[in-house]
Amino acid sequence: MRDGPAAEREPFEQHVPSSVDEASEESSSVGEPSRVWEPITELKSEEPEYVETVVFIPNNQPRNETLVYIPKIPPRKYARKSEEEKVSIAYTFKRAKNNDAVRKCRQKRKEEQMAKDEQIKALQEEVQALKCLIERKDAQIRELESTVRNAAQILCQKMADPKSI
């Protein structure tokens, strides 16, 4: 049994086959190991949320598989507002103010995302333009290299044949 916040947590998902038929349908092939997930009792920041163990299941025996999620951060504890408090002017004002803040935050996030998308598009266009420039420069370099090779060949031919000078 766990103490503290872990004891108050509810399992996220739990699956246990109800019959031998269901367990045999779920297993990929008879006589092969299956994976069973076991929860970790004490979580540390570098540990995973689940522990995986491999269990060998003999033929035609039910598989007892359980998957339990343990949140790293316990849920926030708060008391629900009473109906009297909900209809008060102060509560209504706070809710309206919070709703405006939420709307403003969402709008700001949307605008920031649009600005990032535009920036990405501009950078992609710049990359494309630079690729075209590189291709042109490479073609120019190849042309100049061929000119230098041709000039070197002509010079070698003239030096080999002194009468043509």
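Numbering-wise, the UniProt record's numbering puts 148 at position 148 of the sequence shown, and it's gapless, one number per residue.
Even for Gly, the Cβ is constructed at its ideal location relative to N, Cα and C.
For this session: Would you verify that the beta carbon of K94 is, or is not, closer than 8 Å to some beta carbon of chain C?
Result: The structure shown contains no chain C; it holds only a single protein chain.
Problem set entry | I154: first and last residue of the uninterrupted alpha helix (DSSP H) it sits in | 89-160
Exercise. Where L144 and K104 are concerned, what is the direct C-alpha to C-alpha distance, given to the nearest angstrom?
Worked result: 59 Å
For this session: Please classify K72: does DSSP put it in a helix, a strand, or coil?
Result: Here K72 sits in coil by DSSP.
Exercise. What's the C-alpha gap between C132 and A139?
Worked result: 11 Å
For this session: Indicate the three-state DSSP secondary structure (helix, strand or coil) for K81 in the structure shown.
Result: coil
Exercise. What number of angstroms, rounded off, separates the C-alpha of A115 from the C-alpha of K97?
Worked result: Looking at the two C-alpha atoms, the distance is approximately 27 Å.
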